[in-house]
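According to full-length UniProt numbering, the sequence shown is numbered sequentially starting from 1.
Beneath this line is the structure, given in structure tokens, with notes to follow.
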Amino acid sequence: MSNTHQADPVKRARLRWRGRRGLLENDLLLTRFLDQHEETLTDEEVEAFSILLELPDNDLLNLLLARNEPQDEADVPHVHALLTRLRAI
């Protein structure tokens, strides 16, 4: 378990830092989500979060607000599952 995301405080801090976005709306939504769920995220959810963080800010905001659904490499079950949790914030 020592190689999992949750076992490594540096990885957790890095994820939180990457969650800071240029658009204030994204920053608020992602920070609020991490404040509530960071300690319980599975490695699969961390991977899904990382996939979402690769998106441009406007695309990410549209996903978070359910204006769009994931496409291409983000169109995988664990990203859809994480989006459901993110949208519930």
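For glycine and all other residues, C-beta sits at the position ideal for the given N, C-alpha and C.
Rounded straight-line distance, which links the Cα of residue j to that of residue i
i	j	result
Asp27	Glu54	14 Å
Ile51	Leu15	11 Å
Glu38	Leu29	13 Å
Glu25	Val46	20 Å
Asp59	Arg87	14 Å
Glu73	Arg67	18 Å
Thr42	Ala13	15 Å
Nearest candidate by alpha-carbon position, reference residue i, set the options
i	options	result
Glu69	Ala13, Asp57, Leu83	Leu83
Leu61	His78, Pro77, Arg20	Arg20
Asp57	Lys11, Leu65, Leu34, Gly22	Gly22
- Every unbroken alpha helix (DSSP H) inside the segment 38-76 [4 residues or more]: List check, alpha helix (DSSP H) in window: 43-53, 57-64.
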